[in-house]
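What follows is a single structure, written as structure tokens, with notes after it.
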Amino acid sequence: MVATDDKKNQDSVAEWTDAMNSLASNWQKAMDDWPSMWSENINSSLNATGESLKDSLQKNPTDLLANLPLANVDRANIVSAQTELWQDYQKLWLHTASRLLNPDSVPLEDDSRDPRFKDPLWSENPVFEFIKKSYQLNSKWLCSYLSNIAGLDEATGKKVEFYGQQMVDAMAPTNYPLTNPMVLREIADTKGENIIRGFDKLVEDLKDGFGGFRPRQSHVEDFEIGKDIAATPGDVIFQTPIMQLIQYAPTTVNVYKKPLLIVPPWINKFYVLDLHSDNSFIKWAVDQGHTVFVVSWVNPDETYADKSFDDYATEGILAALDAIEQATGERQVNAIGYCIGGTLMAATLAYMAQHNDDRITNITFLATQVDFEDAGDLTLFTDEEQVASIEQQITDKGYLDGEMMATAFNLLRANDLIWYFHVNNYLMGKEPPKFDLLYWNADATRFPARLLIDYLRGFYVENRLSTPGAFKLLGTPIDLGNINIPVYLQATIGDHIAPAESVFKATKLYSGRVRFVLGGSGHIAGVINPPKPGKYQYWLNSKRKKYDSVATWREDAVEHPGSWWPDWNKWLSTKSGGKVPARKIGSGKLKSLEPAPGSYVKVRS
947 MVATDDKKNQ DSVAEWTDAM NSLASNWQKA MDDWPSMWSE NINSSLNATG
997 ESLKDSLQKN PTDLLANLPL ANVDRANIVS AQTELWQDYQ KLWLHTASRL
1047 LNPDSVPLED DSRDPRFKDP LWSENPVFEF IKKSYQLNSK WLCSYLSNIA
1097 GLDEATGKKV EFYGQQMVDA MAPTNYPLTN PMVLREIADT KGENIIRGFD
1147 KLVEDLKDGF GGFRPRQSHV EDFEIGKDIA ATPGDVIFQT PIMQLIQYAP
1197 TTVNVYKKPL LIVPPWINKF YVLDLHSDNS FIKWAVDQGH TVFVVSWVNP
1247 DETYADKSFD DYATEGILAA LDAIEQATGE RQVNAIGYCI GGTLMAATLA
1297 YMAQHNDDRI TNITFLATQV DFEDAGDLTL FTDEEQVASI EQQITDKGYL
1347 DGEMMATAFN LLRANDLIWY FHVNNYLMGK EPPKFDLLYW NADATRFPAR
1397 LLIDYLRGFY VENRLSTPGA FKLLGTPIDL GNINIPVYLQ ATIGDHIAPA
1447 ESVFKATKLY SGRVRFVLGG SGHIAGVINP PKPGKYQYWL NSKRKKYDSV
1497 ATWREDAVEH PGSWWPDWNK WLSTKSGGKV PARKIGSGKL KSLEPAPGSY
1547 VKVRS
């Protein structure tokens, strides 16, 4: 028996030694390959930052030091915060000492509900409890300190808090193998194999361009577009260099007379609206008796560098309206615009109103901003200085790379979209979960250079769309007040990209009657919220009053459980004309070019 145990121990030591040798070998190889992995963009960015700092120090070091946060902090607040931190640490030390001396002592209550600390050992083990509580105390102290810096304008204050939060997220003990009990347990169970697998994944991601702030969230082979996702039956019936127009096959005997045109954002792939049959908004709309047409935007390369907002209006929305009339014989349609697709739709509608074009008879805006004065977290990256820097970076390339855009969005939810995968992939050595929404999130798209700069500067920096006559589309100064059709305006309570308060501002700009609906959850889950299984909620306000904000609007609103989709369909069905026999694809003047979801959506960045 002893000999057997000795043999097992020897085998374990041998396995551990082999694992460490493999890790050392992989580390050396990665270091040898590192220069070729390090992108030119990162190098140039670091060089530019270094040169800027050097110039500032050479010109006037006093000014630079005067602008450090400490110079503008209320010192009384610092003393108070430090005292509170010290007192909290004293309590924590006493508690930890008591737990170490008395195994039966009870852990501190933790009401943070932070999923990073869900492992029982974070509470059961006094050492890990001390590590967790220390991190929470330090995080609270730092965030409080950064939010109380005097002398900063609102925009700068938000940036300071945002980047401070990035540091807090990065320093979480869950992100390091020796301070994460779940990782330590995995190391013991696998004899270190998880670390080797994780390191191999890190090297692979760096080679593939997914490193740094963007660990791999899914694998290309996890899903097949057109089979596993974006699989609602239909055909591409029309295309321009900018988009393909998909018509979906009917599932009802009769359909509403007016077709429905959906214009999604071009910063992502359209199939967020058609992930799978259970949560596909497209399929659900078809099942309600709508003849659905969807714009599938191209994933542009350098040949699209000079494409503008005008081009996306003419070759996108206006071309789609012409095609729908050829396909169905119907001149007037219902329309939906989602996110930036809705912003383009609003500008196009104002242009159409100026030219007496009444082909769109009602409009649904989903998470759409048209007044960017108080826009969401993307304002952290869109001041004039940063826009000028982006413009300099993308001018020669002709587009903003999809990876850069994905990184910006991931930083807005770093714990969920960066550090979770850092732990799962690199420390636990596991594959990312197969999840359709994460697959879509990782399927990034590029953004044409001219279109991006015009969008960022015209809307985020100068906020011209909300001012009558300040923004021109196709040479026409437009006024959103000329949009005098029924509007269904949907926002979500937890949206960090298009905040509900920002979306709500549009209620004061349109002339048509607006039905504002506030959904639960955020920018994606609050929109893609099917009736089954009845998740979240939405709020409606039937009073015909003018409100200054969502906050005052909610005081008179009624909360309803579940999805807002049935409410939208009830609203739309009264504006869609009578029922006609279902339209067969190809029965009009336009025939099928290829099956849905088409070829544009399959082009990866």
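Residue numbers (my numbering): 947 to 1551.
Where a beta carbon is used, it is the ideal one built from N, C-alpha and C, also for glycine.
Since the structure is predicted, the reported quantities are computational estimates derived from the model, not experimental observations.
Answer yes or no: do residue i and residue j have a C-beta to C-beta separation smaller than 8 Å?
| i | j | result |
| --- | --- | --- |
| residue 1124 | residue 1083 | no |
| residue 1459 | residue 1432 | yes |
| residue 1311 | residue 1288 | yes |
| residue 1464 | residue 1439 | yes |
| residue 1270 | residue 1294 | no |
| residue 1497 | residue 1112 | no |
| residue 1209 | residue 1155 | no |
| residue 1346 | residue 1392 | yes |
| residue 1320 | residue 1448 | yes |
| residue 1442 | residue 1326 | no |
| residue 1474 | residue 1398 | no |
| residue 1541 | residue 1171 | no |
| residue 1536 | residue 1183 | yes |
| residue 1318 | residue 1417 | no |
| residue 1119 | residue 1078 | yes |
| residue 1394 | residue 1251 | yes |
| residue 1221 | residue 1050 | no |
| residue 922 | residue 1116 | Nothing about residue 922 can be read from this structure; the chain reaches only from 947 to 1551. |
Just to confirm my understanding: we take residue i, look at its own chain, exclude 5 residues before and 5 after, and list those with CB closer than 7 Å. What are they?
| i | result |
| --- | --- |
| residue 1390 | 1348, 1349, 1351, 1352, 1551 |
| residue 1477 | 1508, 1509, 1511, 1512 |
| residue 1114 | 1085, 1088, 1089 |
| residue 1489 | 1502 |
| residue 1547 | 1171, 1176, 1215, 1216, 1217, 1242 |
| residue 1076 | 1038, 1042 |
| residue 1495 | 1447, 1450 |
Are there 16 or more other CB atoms within 10 angstroms of the CB of residue i, so buried, or fewer, so exposed?
| i | result |
| --- | --- |
| residue 1191 | buried |
| residue 1242 | buried |
| residue 1165 | exposed |
| residue 1296 | buried |
| residue 1181 | buried |
| residue 1315 | buried |
| residue 1021 | exposed |
| residue 1522 | buried |
| residue 1532 | exposed |
| residue 1185 | buried |
| residue 1178 | buried |
| residue 1368 | buried |
| residue 1024 | exposed |
| residue 1148 | buried |
| residue 1538 | exposed |
| residue 1401 | buried |
| residue 1046 | exposed |
| residue 1298 | buried |
| residue 1302 | exposed |
| residue 1451 | buried |
| residue 1109 | exposed |
| residue 1160 | buried |
| residue 990 | With a pLDDT of 44 at residue 990, under the threshold of 50, the modelled position of this residue cannot be trusted, and the question is left open. |
| residue 1253 | buried |
Among residues of its own chain, excluding the 5 on either side of residue i, which ones have a beta-carbon nearer than 6 Å to its beta-carbon?
| i | result |
| --- | --- |
| residue 1132 | 1140, 1374 |
| residue 1386 | 1218 |
| residue 1197 | 1232, 1233 |
For the putative contact between residue i and residue j, defined by C-beta atoms under 8 Å, what is the C-beta separation to the nearest angstrom?
| i | j | result |
| --- | --- | --- |
| residue 1236 | residue 1201 | 7 Å |
| residue 1380 | residue 1034 | About 42 Å; that fails the 8 Å criterion. |
| residue 1307 | residue 1204 | 7 Å |
Looking only at its chain, what residues have a beta carbon closer than 8 Å to the beta carbon of residue i, apart from the 5 residues adjacent to it on each side?
| i | result |
| --- | --- |
| residue 992 | Per-residue confidence for residue 992 stands at a pLDDT of 40, beneath the threshold of 50, marking its modelled position as unreliable; no derived number is given. |
| residue 1384 | 1163, 1164, 1378 |
| residue 1107 | 1089, 1092, 1093 |
| residue 1219 | 1208, 1210, 1226, 1227, 1228, 1240, 1284, 1474 |
| residue 1313 | 1284, 1285, 1288, 1436, 1437, 1438, 1441, 1443, 1444, 1449, 1469, 1472, 1473 |
| residue 1261 | 1186, 1187, 1188, 1189 |
| residue 1504 | 1485, 1486, 1487, 1488 |
| residue 1081 | 1117, 1118, 1119 |
Residue ranges of each beta strand (DSSP E) run of no fewer than 3 residues wholly in the segment 1480-1516, ordered along the chain? 1483-1486, 1504-1507
In chain order, what are the residue ranges of uninterrupted alpha helix (DSSP H) at least 4 long that sit wholly in the segment 1397-1448? none
Please list the segments of the alpha helix (DSSP H) lying wholly inside the segment 1058-1088, counting only runs of 4 or more residues, in order along the chain. 1067-1070
Ranges of the alpha helix (DSSP H) found wholly within the segment 1180-1252, counting only runs of at least 4: 1227-1233
Suppose only complete runs of 3+ residues qualify. What are the beta strand (DSSP E) ranges in the segment 1112-1167, listed by chain order? none
Ignoring anything shorter than 3 residues, give me the beta strand (DSSP E) runs that lie fully in the segment 1266-1295, in order along the chain. 1279-1284
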